[in-house]
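Peer 1: Heads up: the sequence shown begins at 1 in the UniProt record's numbering, then just goes up one per residue.
Take a look at the following structure, please.
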Amino acid sequence: MGQQISGQAVMSHLPEKLVKHAGLVRESGYLTYEEFLARVAELNDVTAKLAAGQQKHLLFEVQPGSDASALWKVAVRIVCTKINKESGTVEASRIMNLYQFIQLYRDVTSQAAEVLTAEGTIKDPSAQLPSTDSCQASMWMGRVKQLTDEEECCICMDGKADLILPCAHSFCQKCIDKWSGQSRNCPICRLQVTAANESWVMSDFPTENDVANYILNLADEAGYPHRP
């Protein structure tokens, strides 16, 4: 009798990077809008506590209007701003998509948990986390820059992404060419890509208007004309 292999056993033999990527994709797929907003608020709270007593802190905000669409997971953008507490000036600012935000959320909350474990659980929820000697705001802003600069292929996780599909998943040219020869759907979310022009090269990364126009075109092509 053949021996069945569990999903967990298969995952244990995959490269760690690929397993992490699969987890992030699954997490973003199940994430509700309310949970997303709660995570933005939590990240503001946790980073403020990690940077307690330091000169700089981070502020996370949803970019106005980017979450207005029904397809908010594709279009939403989160602005991360490093602010000097004393002068109130903005020293740096970066914009993340949902996938990048979830990666940062995992990293920050994981470090916060380690700090709590090392220093002992804090019973007062309003208490500040023990701060470290390094500038937390600058360190995490560096991580944000790394996430937004190093766009990786969603298939091989090694090649640098050359193009992005309308669903916001990015791929290297080699992988997407091989995949598109077999299927016209996005390998990650299965969104159908029916035409060659339904993708953007990374040098022409889609603006908010590009995404909005694409969504409007989908609506125009669906259903039938309405005549009141």
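Each residue gets a CB set at the ideal place from its N, CA and C atoms; glycine is no exception.
Here the structure is a predicted model, which is why all the values come from computation and not from measurement.
Report buried or exposed for S178, applying the criterion of at least 16 other Cβ atoms within 10 angstroms of its Cβ.
Peer 2: Per the sequence shown, residue 178 should be read as Lys rather than Ser. Exposed, because fewer than 16 other Cβ atoms sit within 10 Å of the Cβ of K178.
Peer 1: Go ahead and pull the three-state DSSP assignment for C172.
Peer 2: In this structure, C172 counts as coil in the three-state DSSP scheme.
Peer 1: Can you say whether R77 is buried or exposed, counting buried as having 16 or more other CB atoms within 10 angstroms of its CB?
Peer 2: Label assigned to R77: buried.
Peer 1: Assign residue 230 to buried or exposed, taking buried as 16 or more other Cβ atoms, counted over all protein chains shown, within 10 Å of its Cβ.
Peer 2: Absent from the structure is residue 230, since the part of the chain shown begins at 1 and ends at 228.
Peer 1: When you compare the CB positions of A92 and M139, do they come within less than 7 Å of one another, or not?
Peer 2: Result no, Cβ atoms of A92 and M139 do not sit closer than 7 Å.
Peer 1: When you compare only the Cα positions, how much space is there between Q103 and S66?
Peer 2: If you take the alpha carbons of Q103 and S66, they lie about 19 Å apart.
Peer 1: In whole angstroms, give me the CA-to-CA distance for Q63 and V79.
Peer 2: Cα to Cα, the separation comes out at about 6 Å.
Peer 1: Less than 7 Å between CB atoms is the rule here; does D67 satisfy it with respect to chain B?
Peer 2: In the structure shown, chain B does not exist; there is a single protein chain.
Peer 1: Using DSSP bridges, identify the partner residues of M96.
Peer 2: According to DSSP, which records beta bridges pairwise, M96 is partnered with I78.
Peer 1: Give the range of the alpha helix (DSSP H) segment to which E61 is assigned.
Peer 2: It is not in any alpha helix (DSSP H) - E61 instead sits in the beta strand (DSSP E) that spans K56 to V62.
Peer 1: Would you say F60 and V40 are within 7 Å of each other, going by their C-beta atoms?
Peer 2: Result yes, Cβ atoms of F60 and V40 sit closer than 7 Å.
Peer 1: In three-state DSSP terms, what is E86?
Peer 2: Note: E86 maps to coil in three-state DSSP.
Peer 1: How would you label S110, buried or exposed, when you count the other beta carbons within 10 angstroms and need 16 or more for buried?
Peer 2: Exposed, since its Cβ has fewer than 16 Cβ neighbours within 10 Å.
Peer 1: Can you list, in chain order, the residues of its chain with a C-beta nearer than 7 Å to that of L37? Leave out the 5 residues immediately preceding and following it.
Peer 2: Once the five neighbours on either side are set aside, L37 has no close Cβ partner at all.
Peer 1: Hey, residue 298 and L58 are a contact pair by Cβ (cut 8 Å); roughly how many whole angstroms apart?
Peer 2: Lying before the first or after the last residue shown, residue 298 is absent from the chain, which here runs from 1 to 228.
Peer 1: Starting from the Cα of T47, find the closest Cα among S87, A113, V90 and E86 and give me that residue.
Peer 2: Considering only alpha carbons, the answer is A113.
Peer 1: Our contact map puts R94 next to K145 with C-beta atoms below 8 Å; I'd like the distance itself, whole angstroms only.
Peer 2: About 6 Å separates the two Cβ atoms, so the contact holds.
Peer 1: Taking the continuous alpha helix (DSSP H) assigned at N185, which residues delimit it?
Peer 2: Note, N185: premise wrong, no alpha helix (DSSP H); not H, not E.
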